[in-house]
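Working notes, beginning with the structure itself.
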Amino acid sequence: MDVGCSVATPTSLFISSALLSSVTSNYCSKRVSILPVNGWNSLAVRRVAPLNPSCKVSMSTSIKTSGTEIRQSYSEEFHDSGEFSIMGLSPLDGRYAQKTKDLRPFFSEYGLIRFRVMIEIKWLLKLSEIPEIKEVSELGEDARSFLKVIVDNFSIEDALEVKKIEEKTNHDVKAIEYFLKQKCKSCSELAEVLEFFHFGCTSEDINNLAYAVSLKEALNNVILPLMIELCKTISNLAKENANIPMLSRTHGQPASPTTLGKEMANFAVRLGNQGKIFSGVRILGKFAGAVGNYNAHKVAYPNINWPRIAEEFVTSLGIGFNPYVTQIEPHDYIANLFNAVVQFNNILIDFDRDIWSYISLGYFKQITKPGEVGSSTMPHKVNPIDFENSEGNLCLANAVLSALAMKLPISRMQRDLTDSTVLRNMGVGLGHSLLAYSSTLRGIGKLQVNKSRLNEDLELTWEVLAEPIQTVMRRYGVPEPYEKLKDFTRGRAITKDSIRVFIKNLELPDKAKSELLELTPHLYVGEAEKLAKDVDHAIDLISGFRLQ
């Protein structure tokens, strides 16, 4: 066997986001990129040593690139130097670029191309393992290593080469096929089987798997861990403040007291319960050709069990197999997944608004940061900007994710192209979610409980004891207890002294009357403290928050 394969690796890989924009500007004609030049590092371009001409690369012969590996590789390639483009159309790639960079390896154009390349290469390797396909004998270690290097070393320069081919083909997936054929010509073993790249595939066979793998990896490695961090942080907030009494408000009016910790526990448990849904979502893929029936496969190789081969291939990627499809996988699982994210976001909006309200009431102070400005004209302001930023981004995220969930499962007959442009916006919805989660966590980190303000409100609302008083009166058979308390409290200013006089005049056993006289708004919190302290028992962060 001829082992004189050499990989046409790029001479440089760009590791600066600023340089990335410059590369893009060189590629895209008439594009203007306004970037700061101060701080650019001339060493931001690193050289890649040429591979051994014998193509004997000391790597595993199997290609298995996890999301974590992709993130690490991408992180090295695009080391952020603090600059960002002010020409970006979306704030996710402009103002917020630093905060959303962890999603770029999965949902950028570069990320999509890279995942497509990986799927195409793994399919060729699968074909080489099918004995009935004699035209593609099992690939040797050198050829496998050659293909592995293409995936592992996939660079911005490679992605731009794919885009250049796409200019001619006007077809993004066909450009991947042509790119790989060009890459593999230099390896004699692969040169003999170039036409088996994309064999039997429709574009959506490649696309749906690329999206499925990238979505699973992005959720498991970026989004869901941040959701877990939110649950843990809010749970800690609950336990730390379990015994701090707080006036409740229903309809905006004073209501039976609770504890600050118990109110935080409510949100921790709600978010934790939502996390369980993710483990029940099964990421699916199809690989059945133009209309889901293996038509071309059956004609070319009639004796091969193509549904079994397709299932083996799809499940080897770590996703489930959907055998009943048209040209596309119907995207029902994406709708289920995004609906779950939307509901998590809804709960977090509720949390953000409550914290905002508690800050407004003075229950929380915010730790200030030197040099930070709250208002351009009112120097005293310390605004709850993190919770407001989170709420705004959650609204945007839910708008996009809800649109995706409603649109993607609908496709005319065996397929229309409306899903193609829509799928490219998955990173937009998840990017705004990522921003929101980070903002909420940052805001929680600034909170400082104002106990004196909490006590002040409780001391001014002795009327909340009307509820336990009338309940005890019911126990001992006092007639019309509710009505008596209603007449006594409604529309009147109730004080500690006035309510004590009312209790003393009740026809109750001395023990019951004594207990009511000892009761204060601060003590009237029921089981709130215990519920807050036990919050961890109600949250399962192990079996939830993970796509299987």
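Heads up, the sequence shown is in the UniProt record's numbering, so the first residue is 1 and it goes up one at a time. Glycine included, each C-beta is placed from N, C-alpha and C at the ideal position. In this text the structure is predicted, and so the values were computed from the model without any measurement.
Can you tell which of the options has the C-alpha that lies nearest to the C-alpha of residue i?
i	options	result
Val422	His331, Leu516 and His522	His331
Gly491	Leu430, Glu518, Asp497 and Glu463	Glu463
Glu177	Ile156, Val149, Ile206 and Ser188	Ile206
Asp158	Val117, Lys168 and Gly88	Val117
Lys276	Gly362, Leu224 and Asn389	Leu224
Arg353	Asp386, Cys231 and Ile328	Asp386
Glu456	Pro254, Asn153 and Ser155	Pro254
Cys395	Ser360, Val269, Ile444 and His432	His432
Glu391	Ala403, Asp419 and Ser357	Ser357
Leu336	Lys407, Phe313, Glu388 and Ile328	At residue 336 the sequence reads Asn, which differs from the Leu that was named. The shortest Cα separation from Asn336 among Lys407, Phe313, Glu388 and Ile328 belongs to Lys407.
Leu447	Gly252, Glu515 and Met264	Met264
His198	Asn236, Lys126 and Ala493	Lys126
Glu388	Asp416, Ala403 and Ala436	Ala436
Thr461	Glu166, Leu519, Lys513 and Ser543	Leu519
Met313	Leu284, Glu167, Phe502 and Ala290	According to the sequence as given, residue 313 is Phe; it is not Met. For the residues Leu284, Glu167, Phe502 and Ala290, the minimum Cα distance to Phe313 belongs to Leu284.
Leu517	Lys486, Pro468 and Val449	Pro468
Val472	Ile503, Ala405 and Pro105	Ile503
Thr315	Asp102, Asn266 and Val213	Val213
Arg424	His522, Leu89, Gly94 and Ser108	Ser108
Arg474	Leu506, Ile113 and Ala493	Leu506
Ser279	Pro307, Tyr333 and Gly445	Tyr333
Arg453	Leu485, Ile359, Lys533 and Ala238	Ile359
Asn450	Asn170, Pro521, Ile367 and Gly292	Ile367
Which of the three DSSP states, helix, strand or coil, is assigned to residue i?
i	result
Met87	coil
Ser390	helix
Met413	coil
Met246	strand
Lys286	coil
Leu447	strand
Gln253	strand
Thr440	helix
Thr489	helix
Thr258	strand
Thr520	coil
Ser12	Here Ser12 scores only 31 on pLDDT, less than 50, and its place in the model is too uncertain to base an answer on.
Gln182	helix
Ser17	Confidence is the limiting factor: at Ser17 the pLDDT is only 36, short of 50, which leaves the residue's position unreliable, though a coordinate-based value still follows. Looking at Ser17 - three-state DSSP - the assignment turns out to be helix.
Glu132	coil
Met378	coil
Cys187	coil
Tyr482	helix
Glu372	coil
Asn295	helix
Leu541	coil
Gly477	coil
His432	helix
Phe199	coil
Gly94	coil
Ile385	helix
Asp536	helix
List the endpoints of the continuous beta strand (DSSP E) containing residue i.
i	result
Val325	From DSSP, Val325 is part of no beta strand (DSSP E); its letter is neither H nor E.
Ala97	From DSSP, Ala97 is part of no beta strand (DSSP E) but of the alpha helix (DSSP H) over Ala97 to Thr100.
Kindly indicate the opening and closing residues of the alpha helix (DSSP H) around residue i.
i	result
Phe351	Asp332 to Leu361
residue 551	The structure shown does not extend to residue 551, since the chain is modelled only from 1 to 548, so the question has no answer here.
Met227	Leu224 to Glu240
Met118	Glu109 to Ser128
Leu147	Glu141 to Asp152
Phe545	Where Phe545 is concerned, there is no enclosing alpha helix (DSSP H), given that its DSSP letter is neither H nor E.
Leu211	One detail in the question is off: residue 211 reads as Tyr in this sequence, not Leu. Unbroken alpha helix (DSSP H) run through Tyr211: Ser203 to Ala218.
Leu531	Ala528 to Lys533
Leu408	It is not in any alpha helix (DSSP H) - Leu408 carries neither H nor E in the DSSP assignment.
Phe313	Trp306 to Ser316
Val281	No alpha helix (DSSP H) holds Val281; DSSP gives it neither H nor E.
Leu160	Ile156 to Thr169
Asp419	Thr418 to Leu423
Spell out the partners DSSP gives residue i in its beta bridges.
i	result
Ala512	DSSP output for Ala512 lists no bridge partner at all.
Lys496	According to DSSP, which records beta bridges pairwise, Lys496 is partnered with nothing at all.
Gln366	Leu447
Examine the Cβ distances between the segment 308-325 and the segment 257-268 and report whether three or more of them are shorter than 8 Å.
-> Too few Cβ pairs lie closer than 8 Å, so no.
Does the segment 520-533 come within contact of the segment 238-245, defined as at least 3 CB pairs closer than 8 Å?
-> Short answer: they touch.
Taking one C-beta from the segment 296-312 and one from the segment 123-139 each time, how about it: are there three or more such pairs within less than 8 Å?
-> Because the criterion of three Cβ pairs below 8 Å is met, the segment 296-312 and the segment 123-139 touch.
Cβ pair count under 8 Å reaching 3, the segment 179-189 against the segment 149-163 = Three or more Cβ pairs closer than 8 Å define a contact, and the segment 179-189 meets that threshold against the segment 149-163.
Would you say the segment 136-150 touches the segment 188-195, given that touching needs at least three Cβ pairs under 8 Å?
-> Three or more Cβ pairs drawn from the segment 136-150 and the segment 188-195 lie within less than 8 Å of each other, which places the two stretches in contact.
Check whether the segment 212-226 touches the segment 531-547, taking contact to mean three or more Cβ pairs, one atom from each stretch, closer than 8 Å.
-> At 8 Å Cβ cutoff, the stretches touch.
How about the segment 529-543 and the segment 491-504: do they share at least three Cβ pairs that are nearer than 8 Å?
-> Because the criterion of three Cβ pairs below 8 Å is not met, the segment 529-543 and the segment 491-504 do not touch.
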